Amino acid sequence: MKRCTRCLYDESLPNITFDENGVCNYCHIHDQLNLEYPTGEEGMNKLRAIADQIRKDGRGKQYDVVVGLVEALIHPI
Ligand SMILES: [Zn+2]
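Right under this line is the structure:
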């Protein structure tokens, strides 16, 4: 059975493909997400920059943020 050279996925997984180095498409998706949404210090810096931008854009406006909440009530029978 063909297996990814980087992770544990094998060819039994739906829609899996392998590149010329035997690395699966899910590893490539993971790498792409890591670039777009970094974690650690880099991710924190990115988050701070977004928060700064929100504060700047909200200056002088009535509200700072909108928070969406859904409340579910469960009634005992
Ligand atoms: Zn993989």
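842 is the number that the working numbering gives to position 38 of the sequence shown; each next residue is one higher, with no gaps.
Note that the Cβ used here is the ideal one computed from N, Cα and C, for glycine as well.
Here the structure is a predicted model, which means the values were calculated and not measured.
Could you give the DSSP three-state label for residue i: helix, strand or coil?
{"i": "arginine 883", "result": "This structure does not reach residue 883, given that the chain is present from 805 up to 881, and the question cannot be answered."}
{"i": "aspartate 823", "result": "coil"}
{"i": "aspartate 814", "result": "strand"}
{"i": "cysteine 808", "result": "coil"}
Rounded to whole angstroms, what is the Cα-Cα separation between residue i and residue j?
{"i": "glycine 847", "j": "valine 827", "result": "26 Å"}
{"i": "threonine 843", "j": "cysteine 811", "result": "20 Å"}
{"i": "phenylalanine 822", "j": "isoleucine 878", "result": "47 Å"}
{"i": "arginine 852", "j": "glutamate 815", "result": "41 Å"}
{"i": "lysine 806", "j": "glutamate 824", "result": "13 Å"}
{"i": "glutamine 866", "j": "glutamine 857", "result": "16 Å"}
{"i": "glycine 864", "j": "leucine 873", "result": "25 Å"}
Between the beta-carbon of residue i and the beta-carbon of residue j, is there less than 9 Å?
{"i": "asparagine 829", "j": "asparagine 838", "result": "no"}
Whose C-beta lies closer than 7 Å to the C-beta of residue i among residues of the same chain, with five residues either side of it excluded?
{"i": "histidine 834", "result": "none"}
{"i": "threonine 809", "result": "Asn825, Gly826, Val827"}
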